[in-house]
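K.L.:
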């Protein structure tokens, strides 16, 4: 060989490292919803189930980062490869991902320990190994003689791009077409292929043995300094805003199914942009762009605006803020010798931000201003003063801000002028003062706009924020934009069923037909709301309400707010917990089962599967009736219920009631109800009533099962 060639470093391929970073994150984002779907029918939809899953995945992810840091600090490269190879081989014992037949948390016990233990046995090792991939692959690559090895952080962009791909792949590609068991087998095959790519990375990394930069201390993780705290803070800010903004958008602005995907996808893409090799993002420019949607967010949040343009403004604000934080994080990344320590603190910050939004913010801030306060905190701590920008940039951004504010208030020129002037000052005189003025002005407008609504009570927990207020002669119960019941304040109509439950509507027809042809019997109602349906109770009739949200129970049973239960069904039972799990433990046979859990936009899919319907039929007395409330702005559930009726051989009828009005605004609301029964007399009675028609799927719709449910196909796209 030529002497010069002998001096050249060996050629190191980049593709295996990028492929491993990308594929590891794809699998990580696929296994989380997969395991959640497996747990749902077994453990129910109680908050403890979801909290346990989130806690498990967050802790294991952070543990993976700590493991990589300690291993890189204490072990030489050959020992690292041997140890990690052993973890990889051991993780194969967990494949394929599946829950043991018959497993369920102990009845009546706190389910979190059982769920955490099952998650550890089912997916603990594979998830742990995947969580180590991003920092470990970058560490290995940094020790190679590749020209880009001195700055391996661009592989973090590939990792987050993989997370983005996995995020979209599950709801749009896997869940609609494959059952949970098939998903588990496919994931196992992909995991084995990933391990092969990881092994190729390890083999390639052997070329850099002995050249890897080593930390000056064995356990740098224990050292806390200003840089580490800054890394954690810049990771915590977008993490906190992610949860807060997602909760606000899905609950208050547009409670659309799968909308939670949009903020998380933007969050991941900002990581990709911030750590990309050839993309340079200036914080000053990003701060200027951020102020444009920030002004609109302050106004729209205070005025409770809900148009599609408002939704885009909120998403733009979140994207700009996350990009600003992640760009600053990328600019402060340390040399490759401290790479693993950097990721440990990034993981700590992400977890801290999530805990702040999930636990601290609900306790410290009123729900109606939580999002605005978190947004203000973010802007104040991240934004760069407007006077630090070039004059031309200030003028352009100011004009754009003023122009963008006008469509939201086109019906009121005076307000448009006010917002335009304040928006100008936002960029011309500094972001902090200007944004505070925008929020203060918008809050004043909000007080004027909503002064006629008298708030009486508010409850907040894992399920969201419930509000009791007086509106137009009624006391209403709301969960975000969803109405859960209304009671007339006038004594003459106080115990009359209102809103969707009006006696003149479909539910009144169903109860009359059932009483005429099936007699009386115990009634089970899944979903309590304000307790309105209790007005259909006959004297001495037993009623059981199944409700998962304790805050709903507290408000519905408090006579200061609602008296439906006390006045119409004083001997009712309220069973707190997931309805499906509670019915499995119940031995009663009901004459009528009423399912009122699908009017919100995030429906409990496990209550509409084949297995769930068979459970309801098993708890139904001969000749009984299943009534389903299908009113929903974003989901079309009639074809699904029709498919269930056809498969189970039941008579199915549906009625859409477009009528609104009566003795007040909330006396009768538009609604859609369906019935399923094996009693032909009830179906014939409804046919003669008028307004009812046979349930027809219209097009081929597969029934939902515990193994597969396709929410995507039920979304109303128009």
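Residue numbers (the working numbering): -14 to 703.
We put the beta carbon where it would ideally sit given N, CA and C, even for glycine.
1) Straight-line CA distance for residue 529 to residue 559?
2) Would residue 392 be called buried (16 or more neighbouring beta carbons within 10 Å of its own) or exposed?
3) Around the Cβ of residue 363, are there at least 16 other Cβ atoms within 10 angstroms (buried) or fewer (exposed)?
4) What are the boundary residues of the alpha helix (DSSP H) that includes residue 666?
5) For residue 705, which of helix, strand or coil comes out of DSSP?
6) Output yes or no for whether 9 Å exceeds the beta carbon distance between residue 82 and residue 34.
7) Compute the Euclidean distance between the alpha carbons of residue 11 and residue 234, then round it to the nearest angstrom.
8) If contact is defined by three or more beta carbon pairs under 8 Å, each pair taking one atom from either stretch, is the stretch 639 to 653 in contact with the stretch 601 to 608?
9) In angstroms, rounded to a whole number, what distance separates the CA positions of residue 124 and residue 158?
10) Residue 700 by DSSP, collapsed to three states: which one?
11) By DSSP's criteria, residue 54 is part of a beta bridge. Which residues make up the other side?
12) If I measure Cβ to Cβ from residue 307 and keep anything under 6 Å in the same chain, skipping five residues before and after, which residues do I get?
13) Count Cβ pairs between the stretch 510 to 529 and the stretch 652 to 664 that sit closer than 8 Å; are there 3 or more?
14) Using CA coordinates, which residue listed in 171, 75 and 184 is at the minimum distance from residue 121?
15) Tell me whether residue 556 is buried or exposed, calling it buried when 16 or more other Cβ atoms sit within 10 Å of its Cβ.
16) What does the Cβ neighbour count give for residue 634, buried or exposed, with the cut at 16 atoms within 10 Å?
17) Does DSSP put residue 609 in a helix, in a strand, or in coil?
18) Check the C-beta distance from residue 615 over to residue 540 and give it rounded, since I have them as a contact under 8 Å.
19) Among 506, 532 and 535, which one has its Cα closest to the Cα of residue 525?
20) Out of 538, 480, 532 and 667, which has the shortest C-alpha to C-alpha gap to residue 521?
21) Using 8 Å as the cut-off, classify the Cβ of residue 184 as near or not near the heavy atoms of the ligand PLP, replying yes or no.
22) Given a cut-off of 9 Å on the beta-carbon distance, is the pair residue 515 and residue 471 in contact?
23) Helix, strand or coil: which one does DSSP assign to residue 201?
24) Helix, strand or coil for residue 83? Go by DSSP, reduced to three states.
25) Confirm, please, whether the CB-CB distance from residue 49 to residue 115 is below 9 Å.
26) To the nearest angstrom, how far is it from the Cα of residue 337 to the Cα of residue 670?
27) Since residue 151 and residue 41 are thought to touch, with beta carbons under 8 Å apart, how far apart are those beta carbons, to the nearest angstrom?
28) Please name the residue or residues paired with residue 637 in a DSSP beta bridge.
29) Pick out whichever of 169, 189 and 9 has its Cα sitting closest to the Cα of residue 148.
30) What separation, rounded to the nearest whole angstrom, lies between the Cα atoms of residue 447 and residue 186?
31) Say whether the stretch 131 to 148 touches the stretch 57 to 72, bearing in mind that this needs 3 or more beta-carbon pairs closer than 8 Å, one atom from each stretch.
32) Can the beta-carbon of residue 445 be found closer than 9 Å to that of residue 453?
33) Are the beta-carbon atoms of residue 161 and residue 698 separated by less than 9 Å?
34) Apply the 10 Å Cβ neighbour rule to residue 694 and answer buried if 16 or more other Cβ atoms are within range, or exposed otherwise.
35) Are the stretch 309 to 325 and the stretch 13 to 29 touching, with three or more C-beta to C-beta distances below 8 Å?
36) Would residue 619 and residue 700 qualify as a contact pair, given that the criterion is a beta-carbon distance under 9 Å?
P.N.:
In brief:
1) If you take the alpha carbons of residue 529 and residue 559, they lie about 6 Å apart.
2) Interpretation of residue 392 is limited by its pLDDT of 44, a score under 50 that renders its predicted location unreliable; no figure is taken from the coordinates.
3) With 16 or more other CB atoms across the displayed protein chains lying within 10 angstroms of its CB, residue 363 is buried.
4) For residue 666, the enclosing alpha helix (DSSP H) begins and ends at 665 to 674.
5) Outside the displayed span of the chain (-14 to 703) sits residue 705, for which this structure offers no information.
6) No, the Cβ-Cβ distance between residue 82 and residue 34 is not below 9 Å.
7) Inter-residue distance for residue 11 and residue 234 is about 26 Å (C-alpha atoms, whole angstroms).
8) By the Cβ criterion, the stretch 601 to 608 is not in contact with the stretch 639 to 653, since fewer than three pairs of Cβ atoms, one from each stretch, lie closer than 8 Å.
9) Taking the straight line joining both Cα atoms gives about 33 Å.
10) It is a strand residue.
11) Per DSSP, none; premise fails for residue 54.
12) Closer than 6 Å at Cβ, skipping near neighbours: 223, 252 and 255.
13) Result no; under three Cβ-Cβ pairs closer than 8 Å.
14) Nearest C-alpha to residue 121: 184.
15) With a threshold of 16 other beta carbon atoms within 10 Å, residue 556 falls short and is exposed.
16) Exposed is the call here.
17) Strand.
18) About 24 Å separates the two Cβ atoms, so there is no contact after all.
19) Measuring from the Cα of residue 525, the nearest candidate turns out to be 506.
20) For residue 521, the nearest C-alpha among the options comes from 480.
21) The model on display carries no ligand, and the ligand PLP is accordingly not part of it.
22) In this structure, residue 515 sits near residue 471, with a CB-CB distance shorter than 9 Å.
23) Caution is warranted here: a pLDDT of 45 is assigned to residue 201, below 50, making its placement in the model unreliable, and no coordinate value can be reported.
24) Of the three classes helix, strand and coil, the one that applies to residue 83 here is coil, per DSSP.
25) Yes, Cβ-Cβ distance for residue 115 and residue 49 is below 9 Å.
26) Between residue 337 and residue 670, the C-alpha separation is close to 59 Å.
27) Taking 8 Å as the upper bound for CB-CB distance, residue 151 and residue 41 are not in contact here, some 18 Å apart.
28) DSSP lists 661 as partners of residue 637.
29) The option with the nearest alpha carbon to residue 148 is 9.
30) Distance between the alpha carbons of residue 447 and residue 186: 43 Å.
31) Because the criterion of three Cβ pairs below 8 Å is not met, the stretch 131 to 148 and the stretch 57 to 72 do not touch.
32) Taking 9 Å as the Cβ cut-off, residue 445 and residue 453 do not qualify as a contacting pair.
33) It is a contact, given that the beta carbons lie within the stated cut-off.
34) By the beta-carbon neighbour count (other beta carbons within 10 angstroms, threshold 16), residue 694 is buried.
35) Not touching, per the Cβ criterion.
36) Yes.
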